[in-house]
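Position in the sequence shown (first residue = 1) + 1 = the working numbering. In this text, a Cβ means the ideal position worked out from N, Cα and C, and glycines have one as well.
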Amino acid sequence: MDENVWVYRPVAAYQSGMDLTGFKVEASDGSIGKVDKHSEDVGAAYIVVDTGTWIFGKEVLLPAGVVVRVDPKEMKIYVDRTKDQIKNAPEFDKEKHLGNPDYHQQLGSYYAHPRPRPML
């Protein structure tokens, strides 16, 4: 894997210490929910998105590397995955999976391959 999927991309405009809680999250094909929790742990940064009614009130964990842009003015985060790609990711259970290295490895592998081509 060339890029660490658990690290924010420099072009995403994420700044350390930024509180992303409550930011809306936009997939490449529409809104998926709001940030419920986030972590900026070195090499293990992520956002937890409350999907509301979109996938029946579940939460999803997205590695920081899928974030392409953070817009603090509009309180939005843009990710480079589709709703289906996010919905089909390994299921997330906050009680079991936060801090679980096996889950992070599984999820990291899911989101690392295939990486979409950069938007021009």
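DSSP three-state call for Gly53: helix, strand or coil? On the sequence shown, residue 53 is found 52 positions in, with the first residue counted as 1. Coil, per DSSP.
What would DSSP say about Gly100, mapped onto helix, strand or coil? Position 99 of the sequence shown holds residue 100. Note: Gly100 maps to coil in three-state DSSP.
What residues in its chain sit with their C-beta under 7 Å from that of Ala28, if we drop five residues either side in the sequence? For the purposes of this step, residue 28 is taken as the residue at position 27 of the sequence shown. The residues are Val80, Arg82, Thr83, Lys84, Ile87.
How would you write the range of the beta strand (DSSP E) that Asp37 sits in, first residue to last? Counting from 1 along the sequence shown, the entry for residue 37 is found at position 36. Where Asp37 is concerned, the enclosing beta strand (DSSP E) stretches over 31-40.
Quick one: using the 10 Å Cβ neighbour count with 16 as the cut-off for buried, is Phe24 buried or exposed? One-based indexing of the sequence shown puts residue 24 at position 23. Buried is the call here.
Please state if the CB of Pro73 and the CB of Tyr47 are separated by a distance shorter than 7 Å. Translated into the one-based positions of the sequence shown, residue 47 becomes position 46. Translated into the one-based positions of the sequence shown, residue 73 becomes position 72. Contact flag unset, no.
For the beta strand (DSSP E) that Lys74 lies in, which residues bound it at each end? For this step, residue 74 is matched to residue 73 along the sequence shown. Segment: none, Lys74 is in no beta strand (DSSP E) and carries neither H nor E.
What residue range does the alpha helix (DSSP H) around Lys88 cover? In the sequence shown, the residue the question calls residue 88 occupies position 87. Looking at the DSSP string, the run of the alpha helix (DSSP H) that includes Lys88 is 84-88.
Can you check whether the CB of Val49 is closer than 7 Å to the CB of Glu41? Residue numbering aside, residue 41 sits at position 40 when the sequence shown is read from its first letter. Residue numbering aside, residue 49 sits at position 48 when the sequence shown is read from its first letter. For Glu41 and Val49, no; Cβs fall outside 7 Å.
Would you check whether the ligand SAH has a heavy atom nearer than 6 Å to the C-beta of Ala46? The ligand SAH is not part of this structure, which contains no ligands at all.
Could you check what DSSP says for Tyr15 in three-state terms: helix, strand or coil? Locating residue 15 in the sequence shown gives position 14, where the first residue counts as 1. Note: Tyr15 maps to coil in three-state DSSP.
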